[in-house]
Amino acid sequence: RAAERTYQLLTQVAGRAGRGDVVGEVIVQTFSPQHWAIQSARRLDYETFADQELAFREELMYPPHAHLVCITAKGKSERRVSWCLQQFADQLQPRLGKGVILSGPAPAPLARIKGHFRFQLVMRAAQTREITGPLKTLLFNYPWPPDVQVATDVDAVSMG
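In our numbering, the protein residues as written are 9 to 168.
Below is the structure:
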């Protein structure tokens with residue numbers, strides 16, 4: 009959702025820069041000046057931004073065209089957390105239907121917080137039940153070690 013946030017911030021800044029009697033100017037430094045979020049914000053063209061963002065999300069099976077389930081595991085040992093989540097993924101994969109895309113495990117975007125290493129598994133599917141059915145059974149019966157904590161987020165807004 010980075011493009012959405014970029015568009016929102018740029019249009020907000022532009023709105024504030026143009027207030028009052030003095031004409032404002034916004035200068036943006038970016039590695040991707042041609043990205044649709046930047047170009048649409050430059051023109052204050054929400055419809056074009058929304059059309060392109062929705063097409064992108066559909067192509068990659070991201071919401072609102074699919075559902076996401078994110079499993080985050082954390083613990084003090086990076087190697088142990090990664091290994092445990094990989095073992096879980098290896099058991100989960102054959103239980104998932106053909107329409108489910110499983111990614112990971114991979115380090116979470118915020119890979120270490122307060123001395124805990126974090127890894128994620130992300131599943132995408134057209135229907136949540138394609139994921140949650142097989143996931144519930146395995147998740148609650150899996151022998152998670154006490155030093156690895158696990159959380160599940162369905163249709164997460166942030167993958168942090």
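C-beta: ideal position from N, C-alpha, C; glycine also.
Since we're looking at a predicted model, the values are computed, not measured.
Where the beta strand (DSSP E) through residue 40 begins and ends:
Taking the sequence shown and counting its residues from 1, the one referred to as residue 40 is at position 32. No beta strand (DSSP E) contains residue 40, which DSSP labels as neither H nor E.
Restricting to Cα atoms, I'd like to know which of 74, 14, 96, 44 is closest to residue 144.
For the purposes of this step, residue 144 is taken as the residue at position 136 of the sequence shown. Taking only the C-alpha atoms, the option nearest residue 144 is 96.
One question on the structure: do residue 82 and residue 126 come within less than 8 Å of each other, judged by their Cβ atoms?
Counting from 1 along the sequence shown, the entry for residue 82 is found at position 74. Counting from 1 along the sequence shown, the entry for residue 126 is found at position 118. Cβ atoms of residue 82 and residue 126: closer than 8 Å.
Once the 5 residues before and after residue 40 are set aside, which same chain residues still bring their CB inside 7 Å of it?
Numbered from 1 along the sequence shown, position 32 holds the residue referred to as residue 40. Hits under 7 Å: 46.
Three-state class that DSSP yields for residue 53 in the structure shown
To locate residue 53, count along the sequence shown from 1; it is residue 45. Coil, per DSSP.
Thinking C-alpha only, which one of 17, 151, 124 is nearest residue 52?
Locating residue 52 in the sequence shown gives position 44, where the first residue counts as 1. Residue 17 is the option with its Cα nearest to residue 52.
Start and end of the alpha helix (DSSP H) containing residue 160?
Taking the first residue of the sequence shown as position 1, residue 160 is located at position 152. First-last for residue 160: 157 to 162, but that is the beta strand (DSSP E), not the alpha helix (DSSP H).
In three-state DSSP terms, what is residue 111?
Position 103 of the sequence shown, counting from 1, holds the residue named residue 111. It is a strand residue.
Buried or exposed, going by whether 16 or more other CB atoms sit within 10 Å of the CB of residue 156?
For this step, residue 156 is matched to residue 148 along the sequence shown. The residue is buried, with at least 16 neighbouring Cβ atoms inside 10 Å.
Pick out whichever of 65, 74, 62, 43 has its Cα sitting closest to the Cα of residue 133.
The residue given as residue 133 occupies position 125 in the sequence shown. The option with the nearest alpha carbon to residue 133 is 74.
Keeping to the same chain, check which residues put their C-beta closer than 8 Å to that of residue 48; ignore five residues upstream and five downstream.
The sequence position of residue 48 within the sequence shown is 40, counting from 1. 15, 54, 56, 57, 60, listed in sequence order.
Is residue 170 helix, strand or coil when you go by DSSP?
Residue 170 lies beyond the range of the chain shown here (9 to 168); nothing can be said about it.
What span of residues does the alpha helix (DSSP H) with residue 100 cover, start to end?
Indexing the sequence shown from 1 puts residue 100 at position 92. Start and end: 86 to 100.
Could you check whether residue 36 and residue 25 sit closer than 8 Å to each other, using their CB atoms as the reference points?
For the purposes of this step, residue 25 is taken as the residue at position 17 of the sequence shown. For the purposes of this step, residue 36 is taken as the residue at position 28 of the sequence shown. No, the Cβ-Cβ distance between residue 25 and residue 36 is not below 8 Å.
Give the range of the beta strand (DSSP E) segment to which residue 126 is assigned.
Counted from its first residue, the sequence shown places residue 126 at position 118. 124 to 133 is the span of the beta strand (DSSP E), which, as asked, contains residue 126.
With burial defined as no fewer than 16 other Cβ atoms inside 10 Å of the residue's Cβ, what is the status of residue 38: buried or exposed?
If you number the sequence shown from 1, residue 38 lands on position 30. It is exposed - the Cβ of residue 38 has fewer than 16 other Cβ atoms within 10 Å.
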